[in-house]
Amino acid sequence: METGRLTPDQALELIMEYLCKLATFLDAGPNVVTIGGVDRNGEDAVNDVSYLFLEAFKRLKGCGRDGLAVRIHPEKTRGNSSLRLPRS
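Start counting the sequence shown at 1013; every next residue gets the next number (my numbering).
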């Protein structure tokens, strides 16, 4: 998206397809997608793709998944840039 090769809507569609495909691979147990957290420098790693994963998860109603792992850092994400499920 950053380079303009994908629009946010195109990226969302690809993420939705990825989550649906991932939900079909249960032989090795549940596949957990983790978003957010902090990078190697301890900085907030939440970005536009984090929010697109939340939106895709919401639209797909989890796509048969029990949950989505969202990593937060108490000093970085509490109250300011924490990931929140988009409202319908």
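Just so it is clear, CB atoms sit at the ideal spot from N, CA and C, and this is done for glycine as well.
- Your pair Asp1060 and Met1013 checks out as a contact, with CB atoms roughly 6 Å apart and the cut at 8 Å.
- DSSP places Ala1035 outside any alpha helix (DSSP H), giving it a letter other than H or E.
- From the listed residues Leu1080, Arg1071, Val1050 and Arg1083, the smallest Cα separation to Leu1026 is found for Arg1071.
- In the DSSP annotation of this structure, Ala1057 is not part of any alpha helix (DSSP H), being labelled neither H nor E.
- Leu1024 and Val1044 have their C-alpha atoms spaced approximately 18 Å apart.
- Relative to Leu1031, the option among Lys1073, Gly1048 and Ile1084 whose CA is nearest is Lys1073.
- Sorting Arg1083, Ile1084 and Tyr1063 by C-alpha distance to the C-alpha of Asp1021 places Tyr1063 at the top.
- Within a 10 Å sphere around the beta-carbon of Ala1081 sit fewer than 16 other beta-carbons, which makes this residue exposed.
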